[in-house]
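Participant: Here it is: the structure, laid out below.
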Amino acid sequence: MPTTAALTRYADLPALIGLMEGDEKHSVAAHSTLDVLWVLYDRVLAVAPETADDPTRDRFLLSKGHGPAAFYAVLAAKGFLDVSALRGWTTFDSRLGHHPDRVLVPGAEIGSGSLGHGLPLALGTALGLRAQGLRRPDGAEPRTVVLIGDGELDEGSNHEAIAAAGRLGVGSLTTVVIDNGSALHGWPGGIARRFETEGWATREVHGRDHDALQEAFTRPWGARPLAVVARVRPTA
Amino acid sequence: MIRTTAGSTVNGIPIRPRPPEPGPSGMRETFGAVVSEEMERDPRVAVVLAAISSGMFRRAAARHPGRVIDLGIREQAMIGVAGGLALTGLRPVVHSYAPFLVERPFEQVKLDLGHQEAGAVLVGIGGSYDASEEGRTHQAPGDVALLDTLPGWTIHVPGHADEVRDALRDALPGDDRVYLRLSGTANRAPMPLTKGLTVVRSGSPRAAGVVVAVGPMLDRTLEATADLDVTVAYTATVRPFDRAGLNTLVAAAGNADVMLVEPYLGGTSAHEVAEALSDRRHRQLGLGVARDLELRAYGTPADHARAHGLDAEGIARSARDFFLA
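So the sequences go chain by chain: U and D.
Heads up: the first sequence at position 99 corresponds to 99 in the working numbering, and the numbers run straight through without jumps.
Add 1000 to the 1-based position in the second sequence for the working numbering, that's all there is to it.
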């Protein structure tokens, strides 16, 4: 079996993360985004290393840029990134830091780290694709999916974009909120309601259930933007 | 790069008439007209607004669906959306009052444009004290200094509506980051867009030094220095700064003394002058909006110019002192 095919499965992700973080803490549970990222790249997004520069590709924007080991592991498993690049991450010569830089990381659509930037960038991306009338080879409008955290939702810039996307009816935009209960003051009434009030279709789903995630991302949701709130166990 | 405008001096005396009372410069209207016109030709050009100047682009919005995006009063999203548009290959033109375009969403300017390597043309109105009656909340004398902390920006400060047109036509086909700083006051005549220093009046070989007037400061600077033996140069492009051009002009003057007259925060380009003249002993003075006070007064832009020593009389006083005339 060629070595390139050896680290391409979901079951390989802990080993890939281990190349970055060492042996002790590479459990799936420590990475709140891991299952969502896997489902997106494995079952939802129309993007591959060969189409990474295709104007009609689906876009994934990681807004919650901290703790990117799961993201790098998925990019490596899917062939965007050489597995060898994972070793020595955060060293001076590495392309991989504790926050991803789109200029350095193949497959990363944006650089992120400072919170609250991904959703407005994703809105602009979706509007830009729409204005150009771009279509995927299957005839569908390219999707733009942005991942944020429930703590990140505190940043006011998100709410500018949530309101604008709802009013402008940007149906090709999807926000997935990883809710691990880390927002200091919480979201009384739930996160989904914030999106719903602004005109988004919303879905709440278990953030580790691959089939449920796939269904939440793909079941038709109409012309409104889509928010998927993926609940995961709060990290201690 | 240095260009001499023929016919602007007679025996060293400027033939430009006295500047008119500051009034509408027409720059904002020119901006709206030129961008609307370029949108007909270039499908990449898109406009991003936050409720300011919406009416100016209403016709373009109707003609080009999806390419005029008004986000309402949401300036962080305005810059973020522009970054996203640029990542899909469009050429966003982003417009608001300078404080809401540069200062309020400054981290977005730094990250959503610069860090993403995304280009945009930011077009600001109300820099410095143009919005004098509106007060401090609508004024941004620090806009150029702030953008100057970020690499890769081209900054134009046109002194005439025609220069706005030329700068836009130069910027729109590109994919870089450009700030176009419109002013409410203008010089009487346009200058060519050279992106460097243009000599407007040559001093003698024994000249006391070089005066650089930026954008709308030219007419009053010429008037203020009319009786001094100095070389007066003009630029509407302050970043990148024409260091080589300044070095050449200073070498030709009798003294390596440079006075900069900028319409924004005083000393904004002091480090550029220092770099340009690092090969020689020199003196420099940077005129501009005062750094050490917040002027809590309304009135007219002319009132504010006077208060900051940026009217012809104030510039003349500073020039006499500096050049030891």
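Virtual Cβ for every residue (Gly too), placed ideally from N, Cα, C.
#1: Considering Cα atoms alone, identify which of D:1089, D:1157, D:1059 and D:1118 is closest to residue 133 (chain U).
#2: So which residues on chain U does residue 1112 (chain D) lean against when the C-beta distance must stay under 9 Å?
#3: Report the option in D:1098, D:1055 and D:1087 whose CA atom is closest to the CA atom of residue 1147 (chain D).
#4: Check whether chain U comes within 9 Å of residue 1009 (chain D), counting only Cβ atoms and requiring the distance to be less than that.
#5: Using a Cβ-Cβ cut-off of less than 7 Å, give me the residues of the stretch 48 to 73 of chain U that come near chain D, in sequence order.
#6: My parser needs the alpha helix (DSSP H) runs of 4 or more residues fully inside the stretch 1120 to 1164 of chain D; what are they?
#7: Could you please tell me which residues of the stretch 178 to 199 of chain U, in chain order, have their CB closer than 7 Å to any CB of chain D?
#8: Report the residues of the stretch 92 to 104 of chain U with a CB closer than 9 Å to any CB of chain D, ordered along the chain.
#9: So is residue 1073 (chain D) buried or exposed if we call it buried at 16+ other beta carbons inside 10 Å?
#10: Excluding the 5 residues flanking residue 12 (chain U) on each side, which residues of the same chain have their C-beta closer than 7 Å to its C-beta?
#11: Could you have a look at residue 51 (chain U) and say whether DSSP puts it in helix, strand or coil?
#12: Any chance the stretch 1073 to 1082 of chain D sits against the stretch 1100 to 1110 of chain D, with 3 or more Cβ pairs inside 8 Å?
#13: If we ignore side chains and look at the alpha-carbon of each, how far apart do residue 214 (chain U) and residue 39 (chain U) end up?
#14: Taking the alpha carbon of residue 1248 (chain D) as the point to measure from, which residue in D:1270, D:1269 and D:1202 has its own alpha carbon closest?
#15: Answer with yes or no whether the minimum CB distance from residue 1065 (chain D) to chain U is below 9 Å.
#16: Apart from the five residues just before and just after residue 1067 (chain D), which ones in its own chain have a Cβ nearer than 6 Å to its Cβ?
#17: Can you give me the start and stop residues for the beta strand (DSSP E) that residue 60 (chain U) sits inside?
#18: Using Cβ-Cβ distances below 9 Å, what residues of the stretch 130 to 141 of chain U are close to chain D?
#19: With 16 other CB atoms within 10 Å as the buried threshold, where does residue 1298 (chain D) fall?
#20: The beta strand (DSSP E) with residue 206 (chain U) in it runs from where to where?
#21: In three-state DSSP terms, what is residue 179 (chain U)?
#22: Can you tell me where the beta strand (DSSP E) holding residue 1328 (chain D) begins and where it ends?
#23: Can you name the start and end residues of the alpha helix (DSSP H) that residue 1286 (chain D) belongs to?
#24: To which residues of the same chain is residue 204 (chain U) closer than 6 Å at the C-beta, ignoring the five residues directly before and after it?
#25: So does the stretch 1136 to 1150 of chain D actually touch the stretch 1165 to 1173 of chain D, counting three or more Cβ pairs closer than 8 Å?
#26: By alpha-carbon positions, which one of D:1026, D:1039, D:1037 and D:1075 ends up nearest to residue 1050 (chain D)?
#27: What residues from chain D crowd round residue 161 (chain U), counting only those whose CB sits closer than 7 Å?
#28: Could you name the residues that DSSP lists as bridge partners for residue 1092 (chain D)?
#29: Cutting at 6 Å between CB atoms, please list the residues of its own chain near residue 8 (chain U), excluding the five before and the five after it.
#30: Can you say whether residue 1133 (chain D) is buried or exposed, counting buried as having 16 or more other CB atoms within 10 angstroms of its CB?
#31: So, is the C-beta of residue 1052 (chain D) closer than 9 Å to a C-beta in chain U?
#32: Identify the continuous alpha helix (DSSP H) that holds residue 69 (chain U) and give its terminal residues.
#33: Please report the distance separating the alpha-carbon of residue 190 (chain U) from that of residue 118 (chain U).
#34: Here's a check: name, in chain order, each residue in its chain whose Cβ is nearer than 8 Å to the Cβ of residue 184 (chain U), leaving out the five neighbours to either side.
#35: How far does the alpha helix (DSSP H) with residue 1079 (chain D) in it extend, from its first residue to its last?
#36: Looking at the structure shown, is residue 218 (chain U) part of a helix, part of a strand, or coil, going by DSSP?
Facilitator: Based on what the coordinates show:
#1: Residue D:1089 holds the alpha-carbon nearest to the alpha-carbon of residue 133 (chain U) among D:1089, D:1157, D:1059 and D:1118.
#2: From the beta-carbon of residue 1112 (chain D), the residues of chain U found nearer than 9 Å are 110, 117, 120, 121 and 124.
#3: Its Cα nearest to that of residue 1147 (chain D), the residue D:1098 stands out among D:1098, D:1055 and D:1087.
#4: For residue 1009 (chain D), the predicted structure reports a pLDDT of 44, less than 50, and the residue's modelled location is therefore unreliable. A value from the coordinates is still provided. Answer no: the Cβ-Cβ gap between residue 1009 (chain D) and chain U never drops below 9 Å.
#5: So the list reads 55, given in the order they occur along the chain.
#6: Within the stretch 1120 to 1164 of chain D, the complete alpha helix (DSSP H) runs of at least 4 residues are 1143 to 1147.
#7: For the stretch 178 to 199 of chain U, which is checked against every Cβ of chain D, not one residue is closer than 7 Å.
#8: Only those residues of the stretch 92 to 104 of chain U whose C-beta falls short of 9 Å from the nearest C-beta of chain D are listed: 101, 102 and 103.
#9: Residue 1073 (chain D) is classed as exposed because its beta carbon has fewer than 16 other beta carbons within 10 Å across all chains shown.
#10: Excluding positions up to five away in sequence, the list reads 77.
#11: Of the three classes helix, strand and coil, the one that applies to residue 51 (chain U) here is helix, per DSSP.
#12: As far as the Cβ criterion goes, the stretch 1073 to 1082 of chain D touches the stretch 1100 to 1110 of chain D, which means the pair count is three or higher.
#13: Computed Cα separation, rounded: 6 Å.
#14: Just measuring C-alpha positions, the residue of D:1270, D:1269 and D:1202 sitting nearest residue 1248 (chain D) is D:1202.
#15: It does; some Cβ of chain U falls within 9 Å.
#16: These residues qualify, in order along the chain: 1046.
#17: Residues 59 to 62.
#18: Residues passing the 9 Å Cβ filter: 130, 131, 132, 133 and 134.
#19: Exposed is the call here.
#20: In the DSSP assignment, residue 206 (chain U) falls within the unbroken beta strand (DSSP E) covering 201 to 206.
#21: In the structure shown, residue 179 (chain U) sits in a strand (DSSP, three-state: E or B).
#22: Summary: the structure shown does not reach residue 1328 (chain D), with chain D confined to residues 1001 through 1325, and so no result is reported for it.
#23: No alpha helix (DSSP H) holds residue 1286 (chain D); the beta strand (DSSP E) holding it covers 1283 to 1289.
#24: Short of 6 Å from the beta carbon of residue 204 (chain U), and not among the five residues preceding or following it, lie these beta carbons of its own chain, in chain order: 192 and 229.
#25: The stretch 1136 to 1150 of chain D vs the stretch 1165 to 1173 of chain D: no contact.
#26: Checked all of D:1026, D:1039, D:1037 and D:1075; the closest Cα to residue 1050 (chain D) is D:1075.
#27: Ordered by position in chain D, the residues that pass the 7 Å Cβ test against residue 161 (chain U) are 1077 and 1080.
#28: Per DSSP, D:1046.
#29: Cβ neighbours of residue 8 (chain U) beyond the five flanking positions: 77.
#30: Label assigned to residue 1133 (chain D): exposed.
#31: Chain U contact via Cβ: absent.
#32: Here the alpha helix (DSSP H) through residue 69 (chain U) covers 69 to 77.
#33: One alpha carbon belongs to residue 190 (chain U), the other to residue 118 (chain U), and they sit about 21 Å apart.
#34: Within the same chain, residue 184 (chain U) has close Cβ partners 151 and 154.
#35: Boundaries of the alpha helix (DSSP H) harbouring residue 1079 (chain D): 1075 to 1087, taken from the DSSP string.
#36: DSSP, reduced to helix, strand and coil, places residue 218 (chain U) within a helical segment of the structure shown.
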